[in-house]
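*Asks:* Note that the sequence shown covers residues 380 to 669 in the working numbering. The beta-carbon is built from N, C-alpha and C at its ideal position, and this holds for glycine as well.
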Amino acid sequence: MSLFSSSISLRKGVAITDDEFVQLRDFIYEKSGIFVDEKRKYLFESRFRKRLQELSLSSFGDYLKFLKFDSNRKEELVKLFELITTNETSFYRDIKQLDAFQANVLKEVIENIRKQGKSEMHIWSAGCSSGEEPYTLAILLYETLGMEAARWKIRITANDLSMAMIQKARDGLYNEYAMKTTPEQIQKKYFTMETGGWRIKPEVAKMVDFKLLNLNDALALKRVPRSHIVFCRNVIIYFDQDMKKKVINSYYDNLLDGGYLMLGHSESLHKITKAFKPVFYPGTIAYKKE
Ligand SMILES: C[S@@+](CC[C@H](N)C(=O)[O-])C[C@H]1O[C@@H](n2cnc3c(N)ncnc32)[C@H](O)[C@@H]1O
Numbered sequence: 380m381s382l383f384s385s386s387i388s389l390r391k392g393v394a395i396t397d398d399e400f401v402q403l404r405d406f407i408y409e410k411s412g413i414f415v416d417e418k419r420k421y422l423f424e425s426r427f428r429k430r431l432q433e434l435s436l437s438s439f440g441d442y443l444k445f446l447k448f449d450s451n452r453k454e455e456l457v458k459l460f461e462l463i464t465t466n467e468t469s470f471y472r473d474i475k476q477l478d479a480f481q482a483n484v485l486k487e488v489i490e491n492i493r494k495q496g497k498s499e500m501h502i503w504s505a506g507c508s509s510g511e512e513p514y515t516l517a518i519l520l521y522e523t524l525g526m527e528a529a530r531w532k533i534r535i536t537a538n539d540l541s542m543a544m545i546q547k548a549r550d551g552l553y554n555e556y557a558m559k560t561t562p563e564q565i566q567k568k569y570f571t572m573e574t575g576g577w578r579i580k581p582e583v584a585k586m587v588d589f590k591l592l593n594l595n596d597a598l599a600l601k602r603v604p605r606s607h608i609v610f611c612r613n614v615i616i617y618f619d620q621d622m623k624k625k626v627i628n629s630y631y632d633n634l635l636d637g638g639y640l641m642l643g644h645s646e647s648l649h650k651i652t653k654a655f656k657p658v659f660y661p662g663t664i665a666y667k668k669e
């Protein structure tokens with residue numbers, strides 16, 4: 380290889396063979412339930428380029444051996460999950476859905492809890508990325524309960540597969556991009572401006588428990604406290620049919636009677652389960668466990 384062509388391949392990164400692609404795809408699927416379609420083979424090449432260089436590995440075959448047999452394979456899995464996940468999110472993402480959720484679902488759930496003479500609510504944000512979704516839910520609860528919020532015991536469990544995202548969420552500092560769909564008065568009320576961005580206020584932050592969790596780990600899912608509401612938006616799009624069924628069934632088991640599951644705008648329970656009752660609102664469908 381000439382000096383010229385080797386410098387090009389270094390810049391372009393290591394190419395993945397069809398066989399290596401299948402092996403890596405199957406490994407990722409087995410560990411996380413994330414299924415990468417063949418059409419997205421290029422994604423592996425671009426996302427793993429830097430990692431292979433850092434490890435001084437010259438092929439995906441060597442990387443697979445590293446993932447399976449190296450004494451640091453556990454730590455590498457954490458890195459792998461960070462590389463394969465797509466963490467796109469923002470505060471007040473899909474505002475139409477959140478408006479319908481707040482005016483109908485949240486209102487109904489709060490009313491039912493009140494009728495039982497209680498003031499305790501649990502929400503689960505599964506696949507929470509860097510925290511914008513669960514913090515938005517905490518803000519919506521503050522806005523809905525008003526003065527009453529102080530008397531309520533509210534717990535939001537927020538999980539993700541990416542340790543980097545969980546750390547960012549716990550840190551609670553966000554840039555303008557994360558804020559792009561946030562109403563101005565909400566931004567002023569629930570965030571403080573600092574060098575480096577906007578920090579979520581402690582009274583909101585304290586409602587959310589961030590924890591690393593793999594939705595492919597059935598036992599870990601069983602340990603999540605029973606919920607009144609489950610948010611799992613823009614997560615199951617990365618799973619195949621089998622994995623979708625597994626996680627949706629575990630949300631069904633986790634939900635209390637009368638509880639609701641909320642999915643992303645491009646997701647539905649079609650061909651997954653008929654266990655939930657779909658409730659239609661302008662801008663969204665809420666799935667009720669009756
Ligand atoms: C596109 S983000 C969606 C974030 C947020 N729910 C929203 O709608 O704005 C998808 C998130 O799902 C997480 N995820 C994917 N597979 C997962 C798994 N097996 N277990 C836990 N989280 C997973 C990813 O790490 C990523 O942060």
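Leaving out the 5 sequence neighbours to the left and right, which residues in its chain are closer than 8 Å to ASP619 when beta-carbon positions are compared?
*Replies:* Counting only Cβ-Cβ distances below 8 Å, and skipping sequence neighbours, we find TYR408, GLY412, PHE414.
*Asks:* For my contact list, ASN491 and GLY637 are in at a C-beta cut-off of 8 Å; report their separation, rounded to the angstrom.
*Replies:* ASN491 to GLY637, Cβ: 6 Å. Contact.
*Asks:* Looking at the strands, I want to know which residues DSSP matches up with SER606.
*Replies:* Answer is LEU634.
*Asks:* For ALA537, which residues does DSSP report across the bridge?
*Replies:* Paired residue(s): SER504, PHE589.
*Asks:* Would you check if there are 3 or more beta carbon pairs closer than 8 Å linking the stretch 565-572 to the stretch 493-503?
*Replies:* Flag = no, the stretch 565-572 and the stretch 493-503 do not touch.
*Asks:* What ranges does the alpha helix (DSSP H) occupy inside the stretch 452-500, keeping only unbroken runs of at least 4 residues that lie completely in it?
*Replies:* Fully enclosed alpha helix (DSSP H) runs of 4 or longer: 452-463, 474-479, 486-494.
*Asks:* Just checking ASP397 against ligand 1 - is the residue's beta carbon closer than 6 Å to any of the ligand's heavy atoms?
*Replies:* It does not: the Cβ of ASP397 is nowhere closer than 6 Å to a heavy atom of ligand 1.
*Asks:* Out of LEU485, LEU462, LYS559, state which residue places its alpha-carbon closest to the alpha-carbon of SER425.
*Replies:* Of LEU485, LEU462, LYS559, the residue nearest in Cα terms is LEU462.
*Asks:* Using C-beta distances below 6 Å, list every residue in its chain close to LYS653, excluding the 5 sequence neighbours before and after it, in chain order.
*Replies:* Excluding residues within five positions, none has a Cβ falling inside 6 Å.
*Asks:* Using the rule of at least 16 other Cβ atoms within 10 Å of the residue's Cβ for burial, across every protein chain shown, is ARG612 buried or exposed?
*Replies:* Label assigned to ARG612: buried.
*Asks:* Would LYS455 pass as a contact of LEU446 if the rule is Cβ separation under 7 Å?
*Replies:* Sequence check: residue 455 is Glu here, not Lys. Yes, these two residues count as a Cβ contact at 7 Å.
*Asks:* State the DSSP-derived secondary structure class of ALA599, mapped to helix, strand or coil.
*Replies:* It is helical.
*Asks:* Do you know how far the Cα of SER629 is from the Cα of MET622?
*Replies:* Going from the Cα of MET622 to the Cα of SER629 covers about 11 Å.
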